[in-house]
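Chains as they are written, first to last, in our numbering: chain H, -3 to 637; chain L, 113 to 436.
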Amino acid sequence: MAEHTVQFDVAPAPVKVPTGTLLVEAARQAGVEITQPCGGQGRCGRCLVRIVEGTARRRSTLRLSAEDVKAGYALACQTVVEGDLVVSVPPQEKIERRLTTDRTAAAISVPAGYDPAVAQTIQRVRLTLTPPSMEDQTDDWSRLKAALRREAGIEEIRASLATIRQIGTTLREGGWQVTATLDTRSWDCPDCPAYLIDLRPGHIPDDTPLWGVAIDIGTTTVTVWLVDLLSGEVRAQVAEYNGQIARGEDVISRIIYASKSEESMAEIRELVLGTINELIETACKRTKSTPADIVKATVAGNSTMIHLLLGIPAESIRLTPFVTAINHVPTLRAWEAGIGIHPEATVDCLPGVASYVGADITAGVLSSGMDDTDKVTLFMDIGTNGETVLGSHEWLVTCACSAGPAFEGAGVMHGMRATRGAIEEVWVNGETFEPTYRVIGGVKPRGLCGSGLISLLAELFLTGVVDKGGHIKLGLDTPRVREGEHGPEYVVAWAEETQTGQDIVISYVDIDNLLRAKAAIYAGFTVLADSVGIPLESVEQVLIGGSFGKYINVEKAIQIGLLPDMPWERFHFLGNTSVRGAYLALLDARSRARVRDIASRMTYIELSADNTFYEAFMSALFLPHTDISRFPTVGAAILKR
Amino acid sequence: MPVEIPKDQWPGEVRTVTIGATAEEGGTRSRVVTVGGEKTLPFMHFEAETPNPPVVAIEIKDRRPDDWSPLLLDVWGDVANDPAAWAKAAEEAGADLIELMFSLTDAEGNPITPESAVTTVRAVLEATGLPLLVFGPGQAEVDNELLVPVAEATKGERIVLGICEDKNYRTIVAAALANDHLVSARTPMDVNLAKQLNILITDMGLPPDRVLMDPTTGALGYGIEYGYSVMERLRLAALQGDAMTQFPMIVTPGFEAWKAKESKVGEGVPESWGDWEGRAINWETLTAITLIEAGADIVVLRHPESVRRIKAAIEELMTVPEMA
């Protein structure tokens, strides 16, 4: 048989191998270790190499784009030597960045052309007042107003009694030099006089940040962005589980708890305020600022979260005919909302549409820009409530379903948020069933986050460790599968590899929660698309929001039947769209107006009106779906097994 | 004026499943029972032929049951103490199939052992020439413990083993696969769940012509409409070409009807309810005939009089009317 010379750039000497040898085998002979987490089945794409010279036959190009192939990239485990070759082995980090299915969340950037003078409703002005005298006995308030008129062109102002009480002292303390912070265009009353939020002695330098916060209250996760309103930059991003989880995992149980008594309502409100205020303090510590310097907040969240934040009874959300007390709350002051920032700070809650389509979704649509595109777009916010919006600049329909907190790492035994120590991606070897994983921060793992759970479930399914019903098969030849406390389980990481000193496992109960979550989301958007007669194939782009951390692996999400089986390039992962929408509204009065417009344009489809959703849900409660013809690429991948 | 009756052409059909094996086929049965093969909705003889009529299985237990109605125990009499004798009596009562259902414990409360289960099945096979369905008591671990040795001891008989459920199917399917038996797959009244379990079972490599599906039902007055609707939708899906619903359906109207208050209770009920025994038999018969109309291929009954009536009704339903 003919022999060929293969030279690897990282190997000292070339090797000679016969025709038909796999590149990985040639590499082994050359002393080059190429990792194959999936066991050489061409699934994970981690054995990517580049053929610099010569040609080789690629048995599979599943993980490669056409450009990749053109540039010489090949999977070492799927490539057969048929001639002399020179092969370059890229470092692992580079490979990870090249993988075509990983969708990294769009980086946060200040909206192009942000000009606080035009867009920002908060203004900070330095004033120099004429001191009073026996000749000029004008009252302090009028004196301040005169200075504002003269030096900032602000005609009329209003202020709270608390602020008015302080004016005299502040003016004198500053020697009649003060800095005033005003809200010049209130959302609920644009023509009202400017609202005096803060008055400080002396002149604050121009380069001092003007602080605002964007808050997203998720049922499971609360996120806070601390923003400099002058530059528009996000200076700190923090997130934590919502303290209300202790009183129920979903909105329904929270509503039931809150409606038990005045005390329980107060408690549930305190719990979320506690989470928000701690997050604000953490963000301030990171930026060496103080919460009292924050003069504006915008809040996004589902309707229940907004109600409970403000102590508004939410019982009617739960009961037919499912109405909210209020969809768009008027502008509030921080002290009445209970948010631990400047007490007079403006608090704008973004508008919701219906009981189960709240401000998190209007914010998400704003953030995704789907209200401004010609393309038929599917936007989904994958969180505890799976909300979906379908449409374009011409029309928007929306629905919501309860998915549970599994994708946020809650309600799963070893689940966690997408932070340091979370396993965010897993590969399972198809022959040995041994896993390889990647941990956020590159440290020892503590648990699995949403993207880690999706990827783990997909791998276990494709390697046959779990069946289509999600059941773990006992009796496989591996110690990784065993009978655990909650039935059969798979060990992802042994105790000695973990931070906690305990095995990290996934059990059938966890898988069942994941299946229910993914089935609810899949059923939600399929029923929504059906309701307007749009076949899923004609959706031109799918925008995904959610607290997955930095990225989501589209291929894995398709394999478990969470996302529809479509070309990967149609998917775009936007990260937490709810907090981003709140951030846009925080910065720009035009965005704020747009989110209100979005809310008024969305048509809400009630899924509980008939049993269509239930049918779709039951049929999606399978891997990847009861009707495999909806997932042709997954069907093909199973056949290869 | 001649009336043209419109006819539907269905792209799909129900699979044909044969239960039991004769000596030639590697078993010991005197005859086999073939079900399925429908090409149209039940008894639409003008549209397509119904090649195999619905059949009746009689349910017997491995020992005298503690929880059966005295009406049933009276009518069967002493044979209920001996599964072999009971099987013989059931054959004489007109059964096409015998469904042997194991109890969880013997009369003294001791667990049924795998050895005694094998002995019982062997005795029943001796006593009757009819094909058999053998079901465990319905607890996953016990079912697997009993059914595996039974399957091995009766290799080649093409017995229907059951009951496969979503959470416990792998062991039973593997036992059927290795020993040339069939399985019955039960799901709780849901089209999708039925389909999913069928996929899981056939994914293990069991040929689809060795699978029966039990969509579960309720007795007359206890959710039969829901069961009917699920069966009807399963059958429509099958006829429309959905391969994973094209299995013959088995249902247990005997078990369901004899749970109903109307059958169970003889005293303290309104006088207008009439004679207890007549009512109980009517309840079982009406439940069964409704399910046959919904597309059932096998009905499992308990009372011999119900069997007689249902057999007669099937014969009538299978008679192809003369078309003018």
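From the three backbone atoms N, C-alpha and C, an ideal C-beta is built for every residue, glycine too.
Because the structure is a prediction, the values reported are computed rather than measured.
Of the residues the options, the one placed nearest residue i, counting alpha carbons only
i	options	result
F618 of chain H	H:I540, H:R512, H:D606	H:R512
E611 of chain H	L:V191, L:R127, L:F158, L:N304	L:N304
A202 of chain L	L:A133, L:F214, L:V168	L:V168
L603 of chain H	H:W490, H:E29, H:G520	H:G520
F695 of chain H	H:G382, H:I322, H:R592, H:E481	There is simply no residue 695 of chain H to check, as chain H begins at -3 and stops at 637 in what is shown.
A115 of chain H	H:P128, H:L140, H:L157, H:W183	H:W183
V363 of chain L	L:I313, L:D387, L:D354, L:A406	L:A406
A199 of chain L	L:A133, L:D292, L:L245	L:L245
K230 of chain L	L:G221, L:N222, L:L209, L:E257	The sequence given here has Val at residue 230 of chain L, not Lys. For V230 of chain L, the nearest C-alpha among the options comes from L:E257.
P182 of chain L	L:P166, L:G248, L:E379	L:E379
A70 of chain H	H:D111, H:A52, H:E245, H:E266	H:A52
A135 of chain L	L:T128, L:V144, L:R127	L:V144
V523 of chain H	H:V13, H:R139, H:N607, H:D368	H:N607
M409 of chain H	H:V462, H:Y486, H:C395, H:V174	H:Y486
I426 of chain L	L:P154, L:I284, L:S384, L:G248	L:P154
F567 of chain H	H:S364, H:G465, H:I468	H:S364
G387 of chain H	H:V435, H:G471, H:F429, H:V372	H:V372
T415 of chain H	H:L392, H:L444, H:A396	H:L444
I500 of chain H	H:D80, H:E493, H:D370, H:A489	H:A489
For residue j and residue i, the rounded distance between their alpha carbons
i	j	result
V550 of chain H	G109 of chain H	32 Å
L216 of chain L	D255 of chain L	9 Å
T357 of chain L	Q240 of chain H	45 Å
E238 of chain L	V262 of chain L	14 Å
L570 of chain H	Y547 of chain H	9 Å
W180 of chain L	W370 of chain L	8 Å
L144 of chain H	W331 of chain H	25 Å
G149 of chain L	T217 of chain H	55 Å
G400 of chain H	T380 of chain H	4 Å
R234 of chain L	A133 of chain L	15 Å
A62 of chain H	P628 of chain H	20 Å
L273 of chain L	K552 of chain H	37 Å
D136 of chain H	I540 of chain H	53 Å
A176 of chain H	G437 of chain H	43 Å
V538 of chain H	D367 of chain H	13 Å
G435 of chain H	I224 of chain L	At residue 435 of chain H the sequence reads Val, which differs from the Gly that was named. When rounded, the distance between both Cα atoms is 51 Å.
R414 of chain L	G366 of chain L	5 Å
E171 of chain L	C276 of chain L	18 Å
P114 of chain L	Q121 of chain L	22 Å
Buried or exposed (CB count within 10 angstroms, at least 16 for buried), residue i
i	result
R93 of chain H	Residue confidence for R93 of chain H is low, a pLDDT of 48 falling below 50, so the modelled location carries little weight; the figure read from the coordinates is stated next. With fewer than 16 Cβ atoms within 10 Å of its Cβ, R93 of chain H is classed as exposed.
A436 of chain L	Low local confidence applies: a pLDDT of 49 at A436 of chain L is under 50, so the model's placement there is unreliable, and no value is given.
G557 of chain H	buried
S296 of chain L	buried
D203 of chain H	exposed
Q308 of chain L	buried
R127 of chain L	buried
W423 of chain H	buried
N457 of chain L	Chain L is shown only over 113 to 436; residue 457 of chain L falls outside these bounds and no answer can be derived.
N164 of chain L	buried
H482 of chain H	exposed
- Task: Jot down the residue ranges of each uninterrupted beta strand (DSSP E) in the region 194 to 260 of chain H, minimum 3 residues, whole runs only, in chain order.
- Result: 207 to 213, 217 to 224, 230 to 237
- Query: Which residues, in order along the region 299 to 323 of chain L, keep a beta-carbon less than 7 Å from a beta-carbon of chain H?
  - Reply: D302, N304, L305, K307, Q308, I311, L312, D315
- alpha helix (DSSP H) runs wholly inside the region 373 to 417 of chain H, at least 4 long, in chain order: none
- Task: Using a Cβ-Cβ cut-off of less than 7 Å, list which residues of the region 261 to 278 of chain L approach chain H; keep chain order.
- Result: D278
- Message: Which runs of the alpha helix (DSSP H) at least 4 residues long sit entirely within the region 172 to 216 of chain L? Give them in chain order.
- Response: 182 to 188, 195 to 204
- Message: Give me the subset of the region 599 to 623 of chain H whose CB atoms are less than 8 Å from a CB atom of chain L, sorted by chain position.
- Response: E611, M614, S615, L617, F618, T622
- Would you mind listing the beta strand (DSSP E) stretches within the region 477 to 561 of chain H that are 3+ residues and don't spill past its ends, in chain order? 477 to 480, 483 to 489, 500 to 503, 537 to 542, 547 to 549
- Query: For the region 413 to 444 of chain H, which residues have a CB atom closer than 7 Å to at least one CB atom of chain L, in sequence order?
  - Reply: none
- Members of the region 450 to 473 of chain H near chain L, C-beta cut-off 8 Å: D463, K464, G465, H467, K469
- Runs of beta strand (DSSP E) wholly within the region 111 to 154 of chain H (minimum 3 residues, chain order): 118 to 124
- Identify every run of the beta strand (DSSP E) within the region 279 to 331 of chain L, keeping only runs that are complete inside it and at least 3 residues long; order them along the chain. 294 to 298, 323 to 326
- Could I get the ranges of all uninterrupted beta strand (DSSP E) runs contained in the region 589 to 620 of chain H, with 3 residues as the minimum, in chain order? 598 to 600
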